[in-house]
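Enquirer:
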Amino acid sequence: MKNRMTQTLRTICLAGALALGSLAATDSVSATTLGVIADEVTLKDGTVLEGTIVRELDGNIWLELTFGSLKQTKYITADEIKAIQRDSVEPEMDEPTRRRDATQTAPASTGPKKRGVVISLEEMVGMYMDAEPLKRAIPWLEKNDIDVVVLKVNSGGGYLLGIQPLSDVIHNEYKKKFEVVSWIESAISAAAMSTLCVEEIYFMPEGNFGACTGWSGALEAVKGRGLEEVLHQMEPISRRGNHNPYIMKAMQHDDYPLSYSKDENGDITWFQNESGDVVLNRQGRILTLLANNAEDCGFSMGTARTLDQLESLMNKGDIEWVGRWEKGGLYPISGAEEIQIDYRERVKMLEQRLGEFWTKYGITLGFAQGAPEEDRGAFVGKARDQFQKITSLVENNPNFIPLILGMLPRQYEEWKYEQDKLLRELAK
Amino acid sequence: MKQTQRFTFSALALSGILAGAGLALTAEDARAAVSEMAVADDLDTLVLKSGRSIKGRILEETDDSIRFMIVFSSGLEAEQSYDRSEILSIDRAEKAEARADAPAEAAAPADDRRSFGATPGDQDASKVYVLELDGVFGRGISQTPIRDAVKDAERKGAEYLVFVMNNDWYADPLGWSQLSNDQNLSFDELWRTEDMDPIFVREIPLGWENPPKVVFWVKNAMGGAAFLPLNCEDIYFHPDARLGGVGNLFEMFGDLGDEVVRQKQYSLRLGHAQGMANCGGYDPKLIQALCEREYVLSYKKVGDEVVFLEREPQAPDEFLLTDDGKDENEDTERSLARNEGNDILTLDAKTAYALGVSKGTVESIDDLMWELGIARNYTLLEGSGQRILDKWEKDIDEAAWQIRRMFIELDEIDGDNVLARRMAKLRDIRGIFAKYAEVLDPNGQNRAQIDVMLYQHELQLMLENLQERRQRRLGPG
Chain A
733 MKNRMTQTLR TICLAGALAL GSLAATDSVS ATTLGVIADE VTLKDGTVLE
783 GTIVRELDGN IWLELTFGSL KQTKYITADE IKAIQRDSVE PEMDEPTRRR
833 DATQTAPAST GPKKRGVVIS LEEMVGMYMD AEPLKRAIPW LEKNDIDVVV
883 LKVNSGGGYL LGIQPLSDVI HNEYKKKFEV VSWIESAISA AAMSTLCVEE
933 IYFMPEGNFG ACTGWSGALE AVKGRGLEEV LHQMEPISRR GNHNPYIMKA
983 MQHDDYPLSY SKDENGDITW FQNESGDVVL NRQGRILTLL ANNAEDCGFS
1033 MGTARTLDQL ESLMNKGDIE WVGRWEKGGL YPISGAEEIQ IDYRERVKML
1083 EQRLGEFWTK YGITLGFAQG APEEDRGAFV GKARDQFQKI TSLVENNPNF
1133 IPLILGMLPR QYEEWKYEQD KLLRELAK
Chain B
3 MKQTQRFTFS ALALSGILAG AGLALTAEDA RAAVSEMAVA DDLDTLVLKS
53 GRSIKGRILE ETDDSIRFMI VFSSGLEAEQ SYDRSEILSI DRAEKAEARA
103 DAPAEAAAPA DDRRSFGATP GDQDASKVYV LELDGVFGRG ISQTPIRDAV
153 KDAERKGAEY LVFVMNNDWY ADPLGWSQLS NDQNLSFDEL WRTEDMDPIF
203 VREIPLGWEN PPKVVFWVKN AMGGAAFLPL NCEDIYFHPD ARLGGVGNLF
253 EMFGDLGDEV VRQKQYSLRL GHAQGMANCG GYDPKLIQAL CEREYVLSYK
303 KVGDEVVFLE REPQAPDEFL LTDDGKDENE DTERSLARNE GNDILTLDAK
353 TAYALGVSKG TVESIDDLMW ELGIARNYTL LEGSGQRILD KWEKDIDEAA
403 WQIRRMFIEL DEIDGDNVLA RRMAKLRDIR GIFAKYAEVL DPNGQNRAQI
453 DVMLYQHELQ LMLENLQERR QRRLGPG
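Residue numbers (this note's numbering), protein chains in the order written: chain A, 733 to 1160; chain B, 3 to 479.
(1) Along the stretch 452-477 of chain B, what residues have a CB closer than 9 angstroms to any CB found in chain A?
(2) Are the stretch 862-877 of chain A and the stretch 1083-1096 of chain A touching by the rule of at least three beta carbon pairs closer than 8 angstroms?
(3) I need the straight-line Cα distance from ARG378 (chain B) to PRO1064 (chain A), nearest angstrom please.
(4) So which residues of chain A does CYS281 (chain B) contact, with C-beta pairs closer than 7 angstroms?
(5) Taking 9 angstroms as the threshold (C-beta atoms), are GLU1043 (chain A) and TRP1057 (chain A) in contact?
(6) Over the uninterrupted alpha helix (DSSP H) stretch that includes LEU163 (chain B), give me the two end residues.
(7) Along the chain, where does the beta strand (DSSP E) that runs through LEU1022 (chain A) open and close?
(8) According to DSSP, simplified to helix, strand and coil, what is ALA108 (chain B)?
(9) Under 9 angstroms, do SER1124 (chain A) and ASN876 (chain A) count as touching if we go by C-beta distance?
(10) Could you check how far apart the C-beta atoms of PRO968 (chain A) and ASN280 (chain B) are, in whole angstroms? I think they sit under 8 angstroms.
(11) Does GLU2 (chain B) come within less than 9 angstroms of chain A when only Cβ atoms are used?
(12) Given that VAL286 (chain B) touches chain A, what residues does it touch there, using C-beta distances under 9 angstroms?
(13) Would HIS985 (chain A) pass as an interface residue toward chain B - the criterion being a Cβ-Cβ separation below 9 angstroms?
(14) If we call anything under 9 angstroms between Cβ atoms a contact, is VAL364 (chain B) one with LEU357 (chain B)?
(15) By the three-class DSSP mapping on this structure, what secondary structure does ALA100 (chain B) have?
(16) Put LEU45 (chain B) into one of helix, strand or coil per three-state DSSP.
(17) Name the chain B residues whose beta carbon is nearer than 7 angstroms to that of LYS1121 (chain A)?
(18) Cβ closer than 8 angstroms: which chain A residues qualify as neighbours of LYS266 (chain B)?
(19) Please confirm whether ILE1018 (chain A) and TYR268 (chain B) have their CB atoms less than 9 angstroms apart.
(20) So, do the stretch 244-251 of chain B and the stretch 929-947 of chain A have three or more beta carbon pairs nearer to each other than 8 angstroms?
(21) Report the option in A:ARG1108, A:VAL1126 and A:GLY1094 whose CA atom is closest to the CA atom of ARG1156 (chain A).
(22) With a cut-off of 9 angstroms, does the C-beta of LEU951 (chain A) fall near any C-beta of chain B?
(23) So which residues on chain A does MET278 (chain B) lean against when the C-beta distance must stay under 7 angstroms?
(24) In chain order, what residues of the same chain have a beta carbon less than 6 angstroms from the beta carbon of PRO207 (chain B), not counting five sequence neighbours either side?
(25) Strictly under 9 angstroms for the Cβ-Cβ distance: is GLY249 (chain B) near chain A by that measure?
(26) Check whether chain B comes within 9 angstroms of PRO1104 (chain A), counting only Cβ atoms and requiring the distance to be less than that.
(27) Please confirm whether LEU135 (chain B) has its beta-carbon closer than 9 angstroms to some beta-carbon of chain A.
(28) Give, in chain order, every unbroken run of the alpha helix (DSSP H) that is at least 4 residues long and sits entirely within the stretch 1034-1077 of chain A.
(29) Could you list which residues in chain A have their beta carbon closer than 7 angstroms to that of GLY209 (chain B), in chain order?
(30) Give me the residue from B:GLY256, B:ARG313, B:LYS302 and B:ARG295 with the minimum Cα distance to ASP329 (chain B).
(31) Alpha carbon to alpha carbon, what distance is there between LEU990 (chain A) and ASN1005 (chain A)?
(32) With 9 angstroms as the threshold, decide whether the Cβ of ASP1107 (chain A) is near any Cβ in chain B.
(33) Ignore the nearest five residues each way along the sequence and tell me which others in SER179 (chain B)'s own chain have a CB closer than 6 angstroms to its CB.
(34) If I'm right that ALA483 (chain B) touches ASN169 (chain B) with Cβ under 8 angstroms, what's the distance once you round it to whole angstroms?
(35) Give a yes or no on whether the minimum CB-CB distance between LEU485 (chain B) and chain A is below 9 angstroms.
(36) Mapping the DSSP letters down to three states, classify TYR131 (chain B) as helix, strand or coil.
Written out as structure tokens, the structure is:
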């Protein structure tokens, strides 16, 4: 997964939170004035903060502060802390995760068959595997009385930016309207992170899920503050899917081994070390789960090669799979799936065209700048034509600005202004 | 040694003119280009009523027409269909001359090497279709020809589909000596395997009305070719077979970047490879032993079951497969030269059988049929599948040669209408890249570069036209 958030963008996005944080640090903010039981954190500079420690990692803490009806979480490093006095309940860390027994029989169906669809989530997260087409599919799903949505995932990851919107649309919209299930062919990096919010996960026999280390450029890792942020981001996403956050940590960084023990009832206890009966990930390695070990540890509800097998594993009774079957197809293609396919094809076409227009614009501009004055106009006209195609395409797909052009919105606007000015100068 | 020598070249290597693209002429042009030429005697000959005589290979015959692969003396080939009404006589390479108006008969394969000797059977005989996957993996062995060959097997109603995996793994371009087990390690050919494995795990089982039993017979499966058979449950080994050549996974990135990101790359790749093995029902630990030099793996048999142990043997009934390859355990040059190293796992017939990867060791197709339990009554189906596979690699080699030659011709273009002629040549080159993109231009970069060149030429042409028009307006002097 490439971290396409530039340092500047990351700073911008955090500016608001940091501003609130620094304001709090200058005052002895007390939640006890509101009559709330609080942890008390004394900083080395003498500042005393009261709030609720919602997360800890290697001595660093996230302290939730309350200002009237507003809550804000402040990140405090271990170096800054002099003392902590705790009064709040410890964050849950080693809670055994009971997985629903896949052999439990579903309640007998008393009504008509459930209607289900399979929606594919494929290719690069943030570009092709995106929240937008999922949102667009919702009206179709509702109109066609769909009960069950299977998200079939086959993606090698993508942009950090794409994770939260995808997770949000699945958790906040899909899960509220439909029974949502994941069927994993390959979910690597951002693809795993964005679909971790689904509780009911099944694997294909060849399935793999994990390897979520953030990186960019020449295999340079996301480090320091950026790493802490994404580790923190994934904890609530893990809990959305009722998955122990230890699992995702082991997929993100090689400092986090992972093991588990299973008791006589089949309940799993997870350990962020190698002390469990089964070691899934050793120190110094990054975790990718496979179909068999995912099932054994309860992360997956089972392994299905075909849709029929998946249906029988899901224990939702008989399902009418909506859509048209194609020869050799794994599942029928529904209207919702067509929305995904069309979206990906369109993005691919637009991405290719943007690349084409960008290259042609550069070449034409070069010709315009080098042409004799009497011939320049024709080339400037051609360059402007390419330029307008670029701007039109980008403005209809704003995510292309950071993801393909590698610019911040402000930088794009500046670039656009400069190019327009250059073309006008050349045309004189 | 193979009858045809195969070379490994880059996309710009020299070759003859590509048969398919270069000779995509009109029917009339193709026929006009034919003449009696000195070609090999093992070809069929069509004698037309016009008097012309054409040598080549009969691909398909019906009552009305013959589809024929013309073979020129230069080695070029072109496919052409002829109505039987045009044909005076047919001289078949192995059979007596037949009259053109005779009913269509199944053509004997021109190349005996491809014939496995059909065993005539009755209507209940098991129908077996055999495809040999030889050539360079990812080049001669590729998804398009495999897919087309499998379609032919489906048309023929194959009940058993046998893939003979025998990829090139040569130390020299002439194919005179094989690479050792530890040489040319190619884990990342996994991604080419992933281009092909949908055929085996999805298209055949889900697409056929009556899916056949898919069997892999391994003769040589090194590099990415090692992963393909592992998608299937039924694997047999030839006595001299080996499967491996992917032991460089944890060395691929050297010291590039941060260790944690390198570990991520290793983990996701291993996950993909182990997933394939899961499909075929093989233990993921085997994959790790194939791929990771420091991975220690032993095994023991508990009844019929193989139990893998991630440690050195501790009892007489435990056997070492791979050690950690460190210090005194590091393979010596002697052991490597003799293919006896155990830092990484390379499966031979004996080990593959012991581990349950291979269901048996067979030396011939007949032996394989016996292992499959159909030796008494089977028919080997004849089709165009093998020709499709063989032609593909030949076409790829010729396309690569053609591209190289055309770039040289591009630089030599001179005289009138230079830009227009260069653009036409560039479009032709692009067409070849597009046709064989999965091998010659998988990420589209070559085509993108040609598109840039074409656009530059277009602008240059525009500039010249503007200047020419201006000169005409200004007049002489």
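No residue lacks a Cβ here, since even glycine has one placed at the ideal position from N, Cα and C.
As the structure is a prediction and not an experimental result, all values here were calculated from the model.
Expert: On the basis of the coordinates in this document:
(1) If the cut-off is 9 angstroms between Cβ atoms, the stretch 452-477 of chain B has ASP453, VAL454, TYR457, GLN458, LEU461, GLN462, MET464, LEU465, LEU468, GLN469 and ARG472 near chain A.
(2) Cβ pair count under 8 angstroms is below three, so no.
(3) 41 angstroms
(4) PRO937 and GLU938
(5) no
(6) LEU163 (chain B) -> not in any alpha helix (DSSP H); beta strand (DSSP E) instead, spanning 162-169.
(7) That run of the beta strand (DSSP E) goes 1020-1022.
(8) With a pLDDT of 42 at ALA108 (chain B), under the threshold of 50, the predicted position of this residue should be treated as unreliable, though the coordinate-derived value follows. ALA108 (chain B): coil per DSSP, three-state reduction.
(9) no
(10) Wrong, their Cβ atoms sit about 31 angstroms apart, outside the cutoff.
(11) With chain B covering only 3 through 479, there is no way to say anything about residue 2 (chain B).
(12) The question names Val, but residue 286 (chain B) in the sequence shown is Pro. Result: LEU1022, ASN1024 and ASN1025.
(13) yes
(14) no
(15) At ALA100 (chain B) the pLDDT is 42, less than 50, meaning the model places this residue with poor confidence; the figure from the coordinates comes in the next sentence. If DSSP states are grouped into helix, strand and coil, ALA100 (chain B) belongs with the strands.
(16) coil
(17) Within 7 angstroms Cβ-Cβ: nothing; LYS1121 (chain A) doesn't reach chain B, min ~14 angstroms.
(18) SER921, ALA943, CYS944, THR945, TRP947 and ILE1018
(19) In contact: ILE1018 (chain A) and TYR268 (chain B) (Cβ atoms closer than 9 angstroms).
(20) no
(21) The residue with the shortest Cα to Cα distance from ARG1156 (chain A) is A:ARG1108.
(22) yes
(23) Residues of chain A passing the Cβ test: GLU938.
(24) PRO213
(25) no
(26) yes
(27) no
(28) The qualifying runs are 1039-1046.
(29) LYS1059 and GLY1060
(30) With distances taken between Cα atoms, ASP329 (chain B) lies closest to B:ARG295.
(31) In this model, ASN1005 (chain A) and LEU990 (chain A) are separated by some 5 angstroms (Cα to Cα).
(32) yes
(33) ALA173
(34) Because chain B here runs from 3 to 479, residue 483 (chain B) falls outside it and cannot be looked at.
(35) Outside the modelled stretch of chain B, which goes from 3 to 479, sits residue 485 (chain B), for which no answer is possible.
(36) Here TYR131 (chain B) sits in strand by DSSP.
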